[in-house]
Amino acid sequence: MKEMTYSEAIRLAMTEEMRKDENIFIIGEDIGIYGGTFGVTKGMIDEFGEERIKDAPISEAAIVGAAAGAAVTGMRPIVELPFLDFITIGMDALVNQAAKMRYMFGGNEKVPMVVRLPGGSGTGAAAQHSQNLEAWFCHVPGLKVVAPSTPNDAKGLLKSSIRDDNPVVFIESKLLYNTTGMVEEDPEFTIPLGKADIKLEGSDISLITYGRMLKKALIVAKELAKENIYIEVIDLRTLAPLDKDTIIQSVKKTGRAIIVHEAVKTGGFGGEIVATIAESDAFDFLKAPIIRIAGVDIPIPHNKELEKAAVPSEKDIKAGIYRLLNK
Amino acid sequence: MKFEDYNPLEEKVFKIMDKKGKIINTDDMPNFTNDQLLYLYRTMLLSRTMDEKQLSYQRQGRMLTYAPNIGQEATQIGSAYALEKEDWIVPSFRELGAWLIHGVPLKNIFLYWYGNEWGSHMPEDVKVLPVSVPISTQLQHATGIGMANNIKKENNVVLTYTGDGGTSGGEFHEALNFAGVFKAPTIFVIQNNQYAISVPRIEQTASKTLAQKAIAYGIPGIQVDGNDIFAMYVATKEAADRARRGEGPTLIEAITYRLAAHTTSDDPTKYREDAEVEEWKTRDPILRFKTYLENKGILTKEWDEKMKKEVENEITSTFEEIEGKADTKIEEIFMYHYETMPPILEEQLKEYKDFLEGGKNNDK
Numbered sequence: 020m021k022e023m024t025y026s027e028a029i030r031l032a033m034t035e036e037m038r039k040d041e042n043i044f045i046i047g048e049d050i051g052i053y054g055g056t057f058g059v060t061k062g063m064i065d066e067f068g069e070e071r072i073k074d075a076p077i078s079e080a081a082i083v084g085a086a087a088g089a090a091v092t093g094m095r096p097i098v099e100l101p102f103l104d105f106i107t108i109g110m111d112a113l114v115n116q117a118a119k120m121r122y123m124f125g126g127n128e129k130v131p132m133v134v135r136l137p138g139g140s141g142t143g144a145a146a147q148h149s150q151n152l153e154a155w156f157c158h159v160p161g162l163k164v165v166a167p168s169t170p171n172d173a174k175g176l177l178k179s180s181i182r183d184d185n186p187v188v189f190i191e192s193k194l195l196y197n198t199t200g201m202v203e204e205d206p207e208f209t210i211p212l213g214k215a216d217i218k219l220e221g222s223d224i225s226l227i228t229y230g231r232m233l234k235k236a237l238i239v240a241k242e243l244a245k246e247n248i249y250i251e252v253i254d255l256r257t258l259a260p261l262d263k264d265t266i267i268q269s270v271k272k273t274g275r276a277i278i279v280h281e282a283v284k285t286g287g288f289g290g291e292i293v294a295t296i297a298e299s300d301a302f303d304f305l306k307a308p309i310i311r312i313a314g315v316d317i318p319i320p321h322n323k324e325l326e327k328a329a330v331p332s333e334k335d336i337k338a339g340i341y342r343l344l345n346k
Numbered sequence: 337m338k339f340e341d342y343n344p345l346e347e348k349v350f351k352i353m354d355k356k357g358k359i360i361n362t363d364d365m366p367n368f369t370n371d372q373l374l375y376l377y378r379t380m381l382l383s384r385t386m387d388e389k390q391l392s393y394q395r396q397g398r399m400l401t402y403a404p405n406i407g408q409e410a411t412q413i414g415s416a417y418a419l420e421k422e423d424w425i426v427p428s429f430r431e432l433g434a435w436l437i438h439g440v441p442l443k444n445i446f447l448y449w450y451g452n453e454w455g456s457h458m459p460e461d462v463k464v465l466p467v468s469v470p471i472s473t474q475l476q477h478a479t480g481i482g483m484a485n486n487i488k489k490e491n492n493v494v495l496t497y498t499g500d501g502g503t504s505g506g507e508f509h510e511a512l513n514f515a516g517v518f519k520a521p522t523i524f525v526i527q528n529n530q531y532a533i534s535v536p537r538i539e540q541t542a543s544k545t546l547a548q549k550a551i552a553y554g555i556p557g558i559q560v561d562g563n564d565i566f567a568m569y570v571a572t573k574e575a576a577d578r579a580r581r582g583e584g585p586t587l588i589e590a591i592t593y594r595l596a597a598h599t600t601s602d603d604p605t606k607y608r609e610d611a612e613v614e615e616w617k618t619r620d621p622i623l624r625f626k627t628y629l630e631n632k633g634i635l636t637k638e639w640d641e642k643m644k645k646e647v648e649n650e651i652t653s654t655f656e657e658i659e660g661k662a663d664t665k666i667e668e669i670f671m672y673h674y675e676t677m678p679p680i681l682e683e684q685l686k687e688y689k690d691f692l693e694g695g696k697n698n699d700k
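From first to last, the protein sequence lines stand for chains A and B.
Numbering-wise (the working numbering), the first sequence opens with residue 20 and increments by one.
Numbering-wise (the working numbering), the second sequence opens with residue 337 and increments by one.
In structure tokens, the structure reads:
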């Protein structure tokens, strides 16, 4: 294990895979000499050259569409968009095309591609550069959706995503890029898609989260342990396919569930988790209604203080937990 | 022929054979053997008869919605004939002739329009992507395949199609600009059949020609008589040769006409005059090619009759082979979507099977 940032872990995952498989190339805006909007591909052009680190014109539709075309011929493209928000321009290529090609081929072809999207608020980048749109992707059969929260998870999950034969949407949280953690150095280390991780075991409440909110959840959980409230923190890591078993088993144990995500509440992925619990036999174990702590239903404000207020804080999470316990 | 000699801004259209089947440009006339000429003619007949049959099956309620190609056979067959077997075709949804020439089995075509995804289950050596219905977004796949060929240092080219209406979408711009930048070995053919459903070409863009759009992307663009099979072949062949030499993409505007409806859900009498349709019928690509072949003594009446019967039998027997036999199982709804079936689909498959078996789990 070696200490590195989330950003370095992502770069290492791509570098290791690209050394092994010459069919992998990266395509995106400013990813060459510039090293990517958030510096994730920094230096990669020196090792792999322009042919495999492709700087593209500002054409999100063509970037995603061309990647899908290349994938069908056996390449394994990795797309990097500067901001998750820009996938709106590439949605036809992703949703109507990449996600459906295998099905429309009668299962005859593979579409191995990864679309890396830096998402989320917290950088003062305002309404059009700060969104969390993961629920959109989860609503499209044919896509896999991954949202890592730690450097080690980012490395292991990205490697699995690159090796996967389906289109994978890989959501990176911008605010996590500079966070550090211990990362496996073994180039064969991977984390399977579709497996949640219990980051903290507990007996009183199941807190289900992913991405950047994990950090806040763990801080709250540690604080509340001092008050003898023991929270089980589940990091979903992959949203599609969803690891329902881990959620259901945990709720059966604790009898209480709270979901935390940064995305706006209405139509957010939290609703799917609530439904998963409510439809399962964990329902009979519930001691209280399920609670969602999510972003408010507005665009992310430009003002720094308002931006913070628009997404869940540690205080919001704590308040939700007290509410769940009738405290 | 040289693309430079046909400036799209001057509306100079590349032609070899006139509408009476006379060769007016002997310099560019391709050197086909009689067997090749008859093969092309037979494929045109196959395409035309297939359209007529499918339209009739659809009207009888035996097929789903259908998009006929009548009038556009030379555009599709002439262009696709310029490819090698290893080259790719990235279709829109009105490219029957190109499919037939590139080796898509008749059975696949019927299955597709019959609503069976196995229709797109191409034989391994047939490099054709499935039908794409969102207008012009498939052009990006064609660019991407071309870029992949460059990375892999393969010498294959990609031929893709869109309609006149397809040039108005942002994806058209992105795909062509991209292909130009990356020198993708991709040939873009616009089947300008004069109408995007009901909207005429003139209302689609203020550009004088569609081919002139190539100028903005720094790539060659040419207008070709799309009802002239020789001109379509030669222009596409030249574009393919350029692409193989590493000189990048080409835009071909094939000027043609959709003699039938947009699809079986459309009624073209609402938006165009009969006189216009009648005028275009005199430029029918099959009629013109047939006259050429007859005048040359290559096609006899007997051979023509025999061929028509053979083609019709082939179509009828293929349709009978698939009609009523969907060949699909319940599992197939679920099994093709991901490389391995995710838990949610396993769960939904099980629920569905239980439901079919009398709902034994319904009270759970």
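Glycine included, every Cβ here is placed at the ideal spot set by N, Cα and C.
The structure presented is a predicted model; accordingly, all values stated were derived computationally and were not measured.
Counting along the chain, B:D371 sits inside the alpha helix (DSSP H) bounded by residues N370 to R395. Annotation for A:S26: F57, G58, V59, Y196 and N197 place their beta carbon closer than 8 Å to its own, counting only its chain and skipping 5 residues before and after. Contact annotation: B:T473 and A:N185 have beta-carbon atoms that are not nearer than 8 Å. A contact is defined here as three or more CB-CB pairs under 8 Å, and the segment 390 to 402 of chain B fails this definition with respect to the segment 459 to 477 of chain B.
Rounded to whole angstroms, the separation of the alpha carbons of B:M677 and B:K686 is 12 Å. Residue contact with chain B for A:E70: present (Cβ-Cβ distance below 8 Å to some residue of chain B). Taking C-beta atoms under 8 Å as the contact rule, B:Y531 and B:R594 qualify, at a distance of about 6 Å. When the beta-carbon positions are compared, A:I82 and A:V98 come within less than 8 Å of each other. Taking A:K193 as reference, the option from A:K178, A:H148, A:V202 and A:F208 with the minimal CA-CA separation is A:H148.
Taking a Cβ-Cβ cut-off of 7 Å, the neighbours of A:A85 in chain B comprise Q476, T479, G480, M483 and F514, given in sequence order. Residue-level contact check: B:T411 does not touch chain A, since none of the beta carbons of chain A fall below 8 Å from its beta carbon. By the Cβ-count criterion, B:Q372 is exposed, with fewer than 16 other Cβ atoms from all chains shown falling within 10 Å of its own Cβ. A Cβ of chain B is located within less than 8 Å of the beta carbon of A:T92. Runs of the beta strand (DSSP E) spanning 3 or more residues and lying entirely within the segment 63 to 95 of chain A occur at 72 to 74, in chain order.
Residues of chain A with a Cβ closer than 9 Å to the Cβ of B:A511 are, in chain order, S78, A80, A81, G84 and A85. Listed as beta-bridge partners of B:W424 by DSSP are B:V494.
Counting along the chain, B:F655 sits inside the alpha helix (DSSP H) bounded by residues K637 to I658. If you ignore the 5 residues before and after B:I360, its C-beta comes within less than 8 Å of the C-beta of K351, I352, M353 and D354, all in its own chain and listed in chain order.
In this structure the segment 482 to 498 of chain B lies against the segment 508 to 521 of chain B, because at least three pairs of beta carbons, one per stretch, are closer than 8 Å. A Cβ-Cβ contact shorter than 8 Å links A:A301 with A:V270. Residue state for A:T199 is assigned as strand, using DSSP reduced to three classes. The way I'd put it, the segment 377 to 395 of chain B doesn't touch the segment 490 to 510 of chain B; fewer than three beta-carbon pairs between them come closer than 8 Å. Contact annotation: B:I471 and B:G502 have beta-carbon atoms nearer than 8 Å. Assignment of alpha helix (DSSP H) within the segment 568 to 636 of chain B, counting only whole runs of 4 or more residues, yields 610 to 617 and 621 to 631 in chain order. The DSSP-derived three-state label of A:A282 is strand.
Around the CB of A:Y341, fewer than 16 other CB atoms lie within 10 Å, so the residue is classed as exposed.
Taking 8 Å as the cut-off, the Cβ atoms of A:I277 and A:I253 do not count as close. With respect to the 8 Å criterion, B:I658 and B:Y450 are classified as neighbours on the basis of their beta carbons.
As the crow flies, the alpha-carbon of A:R30 is around 38 Å from that of A:K272. Contacts with chain B at 8 Å (Cβ-Cβ) do not include A:R38. Unbroken beta strand (DSSP E) runs of no fewer than 3 residues, entirely contained in the segment 290 to 319 of chain A, are found at 310 to 314, following chain order. In the three-state reduction of the DSSP assignment, B:Y531 falls in the strand class. Of all residues in the segment 157 to 188 of chain A, only P160, G161, K163, D183, D184 and N185 place a beta-carbon less than 9 Å from a beta-carbon of chain B.
A:R135 sits in a strand when the DSSP states are folded into three classes.
A:K218: member of the beta strand (DSSP E) spanning D216 to L219, first to last residue.
B:E507 sits in a helix when the DSSP states are folded into three classes.
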